[in-house]
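Encoded as C-alpha cells, the structure appears first; notes follow it.
Number of protein chains: 2
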Amino acid sequence: MRQFILSIALLLSVAAFAQPGMRRGPVINGDLSVTFRAQAPQAREVAVDICGKVYPMTREGDRPWQVTTDPLEPGFHYYFLVVDGFRASDPASPHFYGTGTDASAIDIPEAGVDFYLDKDVPRGDVRLVRYWSPSLKTWRTAWVYVPAGYDTHPERRYPVLYLQHGGGEDETGWTKQGRTGAILDNLIAEGKAVPMLVVMDYGQAGDFAKILLEETIPTIDKRFRTVANAKHRAMAGLSFGGGQSWSIGLKHPEVFSSIGIFSSGMFGGVGAGAYAPFSVESQLPELLADPKAFNAAHDVFYMSCGTGDPRIEHTRKAAEALKAAGAKVHFTAWPGGHEWQPWRKSLHEFVQLLFR
Amino acid sequence: MRQFILSIALLLSVAAFAQPGMRRGPVINGDLSVTFRAQAPQAREVAVDICGKVYPMTREGDRPWQVTTDPLEPGFHYYFLVVDGFRASDPASPHFYGTGTDASAIDIPEAGVDFYLDKDVPRGDVRLVRYWSPSLKTWRTAWVYVPAGYDTHPERRYPVLYLQHGGGEDETGWTKQGRTGAILDNLIAEGKAVPMLVVMDYGQAGDFAKILLEETIPTIDKRFRTVANAKHRAMAGLSFGGGQSWSIGLKHPEVFSSIGIFSSGMFGGVGAGAYAPFSVESQLPELLADPKAFNAAHDVFYMSCGTGDPRIEHTRKAAEALKAAGAKVHFTAWPGGHEWQPWRKSLHEFVQLLFR
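As given, the protein sequences belong to chains A and B, one line each in that order.
Taking the working numbering, the leading residue of the first sequence gets 1, the next gets one more, and so forth.
Taking the working numbering, the leading residue of the second sequence gets 357, the next gets one more, and so forth.
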C-alpha cells in the first residue's frame with residue numbers, strides 16, 4: 001500500500017510540472033518591453049542579460065526576482081539570467097542552441113511582418129538525416145527542409161540550397177530560430193519561390209569544405225531526388241556561415257551557381273576559425289581576371305547586413321569593391337543588428353531569386 | 357578602420373565559443389562516477405542534483421566548482437546545477453526537454469549494450485511534421501521516424517507505432533533521449549523488426565484522445581504511406597504516456613491492435629492529468645466479459661518496468677490481474693529505475709513483437 005501511495009505521489013509530481021505551456025517565461029508587453037522573472041530565493045544578485053544589455057532584477061519579499069526592460073527591437077534575441085554571477089539559461093522558457101550553448105531566447109513580433117509565421121498553406125517537413133563522416137569519423141545530422149509535394153510527386157527532382165548557421169550555433173538554428181520551414185512553405189505556396197530542398201548542417205567541425213563537398217553533398221544527392229549540378233545548387237549562410245559561403249561557395253563555381261552572404265562582413269578561410277579580411281585581389285583573382293566569366297558562372301550573388309550591425313560598413317564596402325571589379329552583386333541593408341530578424345529577411349529575399 | 361577592427365574582434369569572439377565539442381561538460385570516469393564542473397565565481401554554494409541525489413560542489417581558489425559523484429547506474433539521467441538555490445541547467449552540456457524544462461543530462465554507457473548506438477546500417481530519418489490542430493487551434497509538430505527504403509520503395513505501405521513520452525517530456529524525447537532512430541534502424545537492418553513508421557507527438561495538451569484519434573492519425577495516414585487499419589497500428593508510451601496507451605489505446609481496439617505500457621504503474625484517464633489506480637473491473641469490463649474477444653483483438657499487449665522503479669510492484673500486480681482475467685500479457689522487468697535505459701530496452705523488445 002505504501003508502495004502504491006508512493007507511486008501515485010510520484011506520478012502526480014511528474015504530472016504537476018509537465019505542462020510547458022505552464023512555464024512562466026518572459027512576457028512581452030504592448031510597448032515591446034519584456035518582463036522577466038526568476039525563481040532564485042537564496043541569491044543575492046540576479047540580472048537578465050539581453051542583446052548585450054544587463055538589467056538588474058529586484059524582488060519584493062519572497063516573490064520572484066523581476067525586471068522590465070526597455071522596449072526591444074523586433075526579432076529573435078538570445079538572453080541569459082545571471083544569478084550571483086552564474087550565467088544560466090532560463091528554466092522557464094525554451095532553449096535554442098546559440099552563443100555556444102543552449103541559450104534562452106525571446107522572439108519579439110514585428111508589426112506587419114508575418115512571412116516567417118505558420119500559415120494555412122501546404123506544409124513541407126524538416127528531416128533529420130543521420131550520415132557517417134569518414135573525415136571526422138563520427139555520425140552527423142543534417143536538417144533538410146523538404147517542400148510540400150515531394151512525397152506525392154516521385155518523378156520530380158529539386159534544386160538544393162545549402163544554408164549555414166552562424167558562430168556558436170548549429171544545424172538546428174535555421175529551422176528553430178530562423179523559421180526556414182515556414183518561410184519556404186509560405187513563399188512556395190504563393191509561387192514566389194521555386195520548390196527546393198534546404199540543407200542545414202553543422203559547419204564548425206573539422207575541414208568543413210571537405211565535409212560539405214565530399215560528404216554532405218554526395219549524401220544529399222544520394223538520399224534525395226536532387227538536380228545534382230551547379231545550376232541547381234546554391235550556398236548561403238549568416239555571419240560565420242556567410243564567410244564559409246564566400247570561402248567555399250564562391251571558390252567552387254563548378255558546385256554552386258548562387259551564393260548568399262548574410263551579415264558576414266568578412267570572409268572565412270577554408271576550415272573552421274580561419275578568418276581573413278576581405279580582399280578581392282587576394283581572394284578573388286578570378287573575378288578580376290575575367291568578370292564576364294565570373295558573372296556567367298553565378299546566377300545570384302547576394303549580400304546583406306543589418307544597419308545596426310558593426311559589420312554593415314565592411315559589408316557595404318565589400319559589395320562596392322566587388323561591383324567595381326565587375327561582379328553583379330545584389331546588396332540589401334535591413335533594419336536591426338547582428339540578429340535573426342535580418343537573417344530571416346535575407347533568406348526570404350534570397351530564396352525568391354534562386355533557380356529562376 | 358576602427359569599425360573594421362571591431363568587426364574582426366566581434367567575429368573572433370563569436371568563433372571563440374563556437375565549438376560544442378569544446379564545451380567542458382561532465383566527464384564520465386572509468387568507474388562510471390561523473391565529475392561535474394561549474395563556473396560560478398561569485399556563488400556561495402553550488403551543488404549538482406542527479407537522480408534525486410544532491411552532491412555539494414567545492415572549489416579551490418578561483419578554479420571552477422567541482423564534484424565527483426558515486427558510480428552511477430548506466431543510462432540517461434537528467435541533472436541540474438543548483439547555484440545559491442537557483443536550479444539551472446548546465447551551460448556546458450546539451451539540453452533535453454524533460455522534467456518540464458530544458459534539462460541537462462548525462463548518458464552513462466552500459467557494458468555490452470549497444471542496441472541504441474549508431475551503427476553502419478541503412479539509416480532512416482526523423483521528420484518534423486507541422487500540422488494544424490482544430491481542437492487546440494494551434495500548429496503542432498509530430499516527430500515521425502521513417503525507416504530506410506521508404507523513399508526508394510514508393511509502392512510500399514507501412515504499419516505505424518504511436519509512441520508517447522512521459523510527464524514533463526515532449527515529442528522530442530523518444531528521438532533524443534530514447535534514441536528511437538538508432539534502435540529501429542539496427543533492428544530493421546538485422547531483420548528483427550518489421551519496417552514501420554514511429555509517430556512521436558506531444559501528449560500533454562488538451563483532450564489528447566481527441567487529438568490523437570481525430571487529428572494526428574488522419575494527418576499521418578494522409579501524409580505517409582501507411583496501412584491505415586488497426587492490424588497495422590500500435591500504441592505505446594512510457595510513464596504518463598503508458599497511462600495514455602491504456603486509457604486511449606486499449607479502449608480503441610478498432611484503432612490499435614497492439615499496446616505497450618512502459619513503467620506506468622497506473623493508467624491515465626482520457627485527457628491530461630486525469631489518473632486513476634488500475635482496476636480491471638472498472639476500466640476493462642470488456643476483458644472480463646469476453647477474454648477471447650479481447651485477446652483476438654490484440655496482437656501484442658506488453659507491460660514493463662524497472663525493478664528499481666517504485667511502480668514495479670503495481671505494474672507486476674496489474675499484469676497478474678490482467679492474466680488472471682484471461683488476457684495474454686507480455687511482462688518484462690528490467691534493471692534500473694524510472695529512467696530511459698529501461699524505456700529504450702522496452703522499445704527494443706516491444707517493436708520486435710509488432711506486426712508479425
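Backbone N, C-alpha and C fix where the C-beta goes; we use that ideal spot for every residue, glycine too.
Treat the numbers as computed from the prediction; the structure is a model and nothing was measured.
Delimiting residues of the beta strand (DSSP E) encompassing Ile615 of chain B: Ser614 to Phe618 is the span of the beta strand (DSSP E), which, as asked, contains Ile615 of chain B.
Min CB distance Gly537 of chain B to chain A below 8 Å: yes
In chain order, each alpha helix (DSSP H) run of at least 4 residues that lies wholly inside the segment 558-586 of chain B: 573-579
Best match in A:Ile108, A:Tyr55, A:Phe240 and A:Val146 for proximity to Val126 of chain A [C-alpha to C-alpha]: Of all alpha-carbon atoms in A:Ile108, A:Tyr55, A:Phe240 and A:Val146, the one lying nearest the alpha-carbon of Val126 of chain A is that of A:Val146.
Min CB distance Val160 of chain A to chain B below 8 Å: no
Burial state of Arg24 of chain A (16 or more Cβ within 10 Å): Taking all protein chains in view, the Cβ of Arg24 of chain A is surrounded by fewer than 16 other Cβ atoms within 10 Å, so the residue is classified as exposed.
Sub-8 Å separation of Pro285 of chain A and Gly306 of chain A beta-carbons: no
Interface positions of the segment 105-131 of chain A facing chain B (Cβ-Cβ less than 9 Å), listed along the chain: Asp118, Asp120, Arg123, Gly124, Asp125, Val126, Arg127, Leu128, Val129, Arg130 and Tyr131
Selected residue, minimal CA-CA separation from Lys345 of chain A, among A:Gly178, A:Pro291, A:Gly242 and A:His95: A:Gly178
For Tyr487 of chain B and Arg581 of chain B, believed in contact at Cβ under 8 Å, the rounded distance: Between the beta-carbon of Arg581 of chain B and that of Tyr487 of chain B there is about 17 Å, and that puts the pair past the 8 Å contact cut.
Beta-carbon proximity list for Pro551 of chain B, same chain, < 7 Å, skipping 5 on both sides: Pro503, Gly505, Tyr514 and Ile544
Residues near Gly693 of chain B by beta carbon distance below 6 Å, same chain, minus five either side: Gly662, Gly664 and Asp665
Within-8 Å CB hit, Phe711 of chain B to chain A: no
Spatial distance of Ser89 of chain A from Phe80 of chain A (CA atoms): 5 Å
Below-8 Å beta-carbon distance, Trp495 of chain B vs any chain A residue: yes
Exposed unless 16 or more other CB atoms sit within 10 angstroms - verdict on Thr414 of chain B: Counting of Cβ neighbours within 10 angstroms places Thr414 of chain B among the exposed residues, the total staying below 16.
Other residues of its chain near His451 of chain B: CB distance less than 7 Å, five sequence neighbours each side excluded: Ser445, Asp458, Ala459 and Ser460
Host alpha helix (DSSP H) of Thr175 of chain A (start-end): Gly173 to Lys176
Residue closest to Gly523 of chain B, alpha-carbon to alpha-carbon, out of B:Ala565, B:Pro465, B:Tyr453 and B:Thr531: Closest option to Gly523 of chain B, Cα to Cα, is B:Tyr453.
Inter-residue spacing [alpha-carbon to alpha-carbon] between Val477 of chain B and Gly547 of chain B: 12 Å
Backbone CA spacing between Glu45 of chain A and Pro427 of chain B [nearest angstrom]: 35 Å
Beta-bridge partners of Ala459 of chain B, as assigned by DSSP: B:Phe452
Stretch-stretch touch, CB-based, cutoff 8 Å, three pairs: the segment 322-333 of chain A with the segment 212-219 of chain A: no
Rounded straight-line distance, which links the Cα of Val300 of chain A to that of Leu353 of chain A: If you take the alpha carbons of Leu353 of chain A and Val300 of chain A, they lie about 7 Å apart.
Contact set between the segment 388-404 of chain B and chain A, restricted to residues whose Cβ is under 9 Å from the partner: Ala394, Gln395, Ala396, Pro397, Gln398, Ala399, Arg400, Glu401 and Val402
Distance, Tyr78 of chain A Cα to Ala92 of chain A Cα: 14 Å
Within 7 Å of chain B by C-beta, residues of the segment 82-93 of chain A in sequence order: Val83, Asp84, Gly85, Phe86, Arg87, Ala88, Ser89 and Pro91
Reference Arg479 of chain B, options A:Gln66, A:Ala142 and A:Ser304, closest by Cα: A:Ala142
Any C-beta of chain A under 8 Å from that of Pro698 of chain B: no
Where Ser389 of chain B falls: helix, strand or coil (DSSP): Three-state DSSP puts Ser389 of chain B in coil, outside helix and strand.
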